Amino acid sequence: MIDLRLLREDPDRVRASQRARGEDVGLVDALLSADERRRSSGTRFDELRAEQKQLGRLIPKAQGEEKTSLLARAKELADAVKAADTEQQQAAEEAQELLLRLGNIVHPDAPVGGEEDFVVLEQIGTPRDFAAEGFTPRDHLELGELLGAIDTDRGAKVSGSRFYYLTGVGALLELALVNAAIAQATAAGFTPVLTPNLVRPAAMAGTGYLGQVEDDVYYLEKDDLYLVGTSEVPLAAYHMDEIIDASRLPLRYAGFSACYRREAGSYGKDTRGIFRVHQFDKVEMFVYTAPEEAEAEHQRLLAWEKQWLSSLELPFQVIELASGDLGASASRKFDCEAWVPTQGKYRELTSTSNTTQFQARRLNIRQRDEQGTRPLATLNGTLCAVTRTIVALLENHQLPDGSVRVPEVLRPFLGGRDLLEPTAAPAK
RNA sequence: GGAGGCGUCGCCUAGUCCGGUCUAUGGCGCCGCACUGCUAAUGCGGUUUGGGCUUUACCGUCCAUCGAGGGUUCAAAUCCCUCCGCCUCCGCCA
0 MIDLRLLRED PDRVRASQRA RGEDVGLVDA LLSADERRRS SGTRFDELRA
50 EQKQLGRLIP KAQGEEKTSL LARAKELADA VKAADTEQQQ AAEEAQELLL
100 RLGNIVHPDA PVGGEEDFVV LEQIGTPRDF AAEGFTPRDH LELGELLGAI
150 DTDRGAKVSG SRFYYLTGVG ALLELALVNA AIAQATAAGF TPVLTPNLVR
200 PAAMAGTGYL GQVEDDVYYL EKDDLYLVGT SEVPLAAYHM DEIIDASRLP
250 LRYAGFSACY RREAGSYGKD TRGIFRVHQF DKVEMFVYTA PEEAEAEHQR
300 LLAWEKQWLS SLELPFQVIE LASGDLGASA SRKFDCEAWV PTQGKYRELT
350 STSNTTQFQA RRLNIRQRDE QGTRPLATLN GTLCAVTRTI VALLENHQLP
400 DGSVRVPEVL RPFLGGRDLL EPTAAPAK
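Below, the structure written as structure tokens:
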């Protein structure tokens with residue numbers, strides 16, 4: 000959530016942000032009026048309550064008729080206090096409900112527009128010219144099947160569409176990727192964390208995933224728990240309701256978890272292979288830092304993502320997303336998109352968001368320094384989303400016979416092997 | 001799944017049975033000041049968090065906050081209910 004003080008002082012800035020997101024601008028005035036009512040009814044409650052407390056102190060000392068009349072007066076006051084309290088709570092709830100619907104303030108440098116209006120910041124590496132090499136590249140599923148690495152048929156048989164098995168070198172490849180990613184993160188000072196993958200509504204809502212994207216989230220009604228779509232959720236909620244001494248910041252965590260996504264509304268998109276699936280594993284970077292540090296930290300997260308993709312020797316581009324494509328929490332977001340040869344385009348592999356104080360306010364996470372306590376800033380960034388990384392690796396590093404070259408950085412985690420080769424007898 | 005115990009403002013803790021200056025006790029830690037060759041010790045003061053008002057600083061003041069939410073009452077840390085968390089035991093189980 001945003002700072003109510005900012006809303007009162009500079010409502011135009013909030014209106015402009017809502018407009019850039021393509022969201023409801025009217026929320027701003029509704030919230031201003033609810034906040035005004037919350038404050039005025041709160042003041043009335045405070046005054047009545049102060050009077051009630053004073054009166055209450057007199058009662059035990061009073062005797063006889065005096066006591067009777069005091070009790071009668073106190074009874075009236077008690078009713079008035081209760082009414083004022085109810086009124087205040089209603090106004091507060093209304094204000095809170097509206098506040099939770101406001102998106103984060105869009106960063107001034109974020110391009111304005113929708114999904115199509117992203118800006119390409121840079122391109123790193125060069126896509127291979129398969130025509131010049133004299134062969135037509137196989138797509139990742141064909142390669143995965145040749146290698147005995149990916150089995151989507153049985154995934155569909157057992158769990159439905161968009162599920163898969165990773166087998167043999169596929170399974171080993173995932174473990175190597177995860178280990179290599181954790182190794183990079185650890186070297187950079189991150190604390191590795193294995194997180195709970197089922198979380199309570201407060202964690203989900205606090206992270207900003209129960210708004211427009213709620214349909215994309217798996218929910219277990221019997222237990223009132225959500226399956227996380229990313230370890231960002233349990234990592235953000237890790238310090239929920241805490242006050243962290245500023246001297247301990249930044250706190251950098253590298254989470255590893257499965258990610259569950261319903262992919263509602265993506266029917267027919269990326270149906271082949273494992274590019275878009277209901278469940279995948281991911282190494283995620285998550286940082287708690289001082290608000291003044293957030294922008295610099297965002298650049299660092301992006302740099303770590305670039306380092307990772309470069310170490311995998313993948314050609315990729317960095318884009319900055321437009322205001323309408325940020326999601327509720329982010330003020331600014333960069334994606335790294337790897338080249339997918341058989342699609343002839345760059346596709347998202349990682350994403351890093353500066354959520355400023357937005358999540359921290361919802362999750363009640365503050366920092367304490369000489370100035371006092373205030374919400375800190377949180378940021379997140381993908382290090383390795385396993386399935387999409389496998390897609391990019393297989394397709395970009397394939398050889399004419401269907402084997403796949405292993406980039407140097409992964410070899411130590413694959414028993415030193417530098418080549419994945421087709422199995423003599425596929426798993427079918 | 002069953003039975004029981006516990007949850008107090010950083011940590012420990014008094015208070016809860018029997019509702020009323022609890023405006024929450026004391027210790028430790030921490031901050032400030034004083035004293036002191038230095039350090040230590042000692043003394044005094046301060047030290048939960050949030051909201052409102054005061055000009056959105058300072059100062060001041062009021063209200064809320066004893067795991068969370070509701071209820072009873074003129075009045076709730078204290079009585080009742082629901083929930084959450086932790087611990088112990090029994091059962092089941094990877």
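Sequential numbering of the first sequence, starting at 0, is according to numbering that gives the first Met the number 0. Where a beta carbon is used, it is the ideal one built from N, C-alpha and C, also for glycine. Note that this is a predicted model, so its numbers are computed, not measured.
task = Using the Cα positions of Asp240 and Ile1, report the straight-line distance between them to the nearest angstrom.
result = 17 Å
key: Span of the alpha helix (DSSP H) around Asp28   = Leu26 to Leu57
task = Assign Phe285 to one of two classes, buried (16 or more other C-beta atoms within 10 Å of its C-beta) or exposed (fewer than that).
result = buried
N-terminal and C-terminal residue of the beta strand (DSSP E) that Phe129 is part of = Per DSSP, Phe129 belongs to no beta strand (DSSP E); it is in the alpha helix (DSSP H), Phe129 to Glu132.
task = Just the C-alpha distance for Glu194 and Leu234, rounded to the nearest angstrom, thanks.
result = The amino acid at residue 194 is misidentified as Glu; the sequence shows Thr. When rounded, the distance between both Cα atoms is 7 Å.
ask   = If you draw a straight line from the alpha carbon of Leu345 to that of Gln95, how long is it in whole angstroms?
value = For the sequence presented, residue 345 should be read as Tyr rather than Leu. About 40 Å.
request  = Note down, in chain order, each residue of its chain lying with its Cβ closer than 7 Å to the Cβ of Ala426, except the 5 sequence neighbours on either side.
outcome  = Unreliable positioning characterises Ala426 in this predicted model, as indicated by a pLDDT of 49, which lies under 50. A coordinate reading is not provided.
inquiry  = Let's test the definition: count the other Cβ atoms within 10 Å of the Cβ of Thr341 and tell me whether it reaches 16, buried, or not, exposed.
reply    = buried
task = Could you spell out the range, first to last residue, of the beta strand (DSSP E) harbouring Asp334?
result = Arg331 to Val339
Ala83 in three-state terms, based on DSSP = Ala83: helix per DSSP, three-state reduction.
query = Hey, quick one: how far does the alpha helix (DSSP H) through Thr125 stretch, first residue to last?
reply = Neither: Thr125 is in no alpha helix (DSSP H) and is coded neither H nor E.
inquiry  = If you reduce the DSSP assignment to three classes, tell me which class Gln278 lands in.
reply    = strand
task = Kindly indicate which three-state DSSP category Thr67 falls into: helix, strand or coil?
result = helix
request  = Tell me whether the beta-carbon of Tyr287 lies closer than 8 Å to the beta-carbon of Leu248.
outcome  = yes
ask   = Going by the C-beta, is Arg410 closer than 7 Å to any heavy atom of the ligand ATP?
value = Ligands are entirely absent from the displayed structure, and the ligand ATP is therefore not among its contents.
query = Considering only the beta carbon of each residue, do Glu86 and Ala33 sit closer than 8 Å?
reply = no
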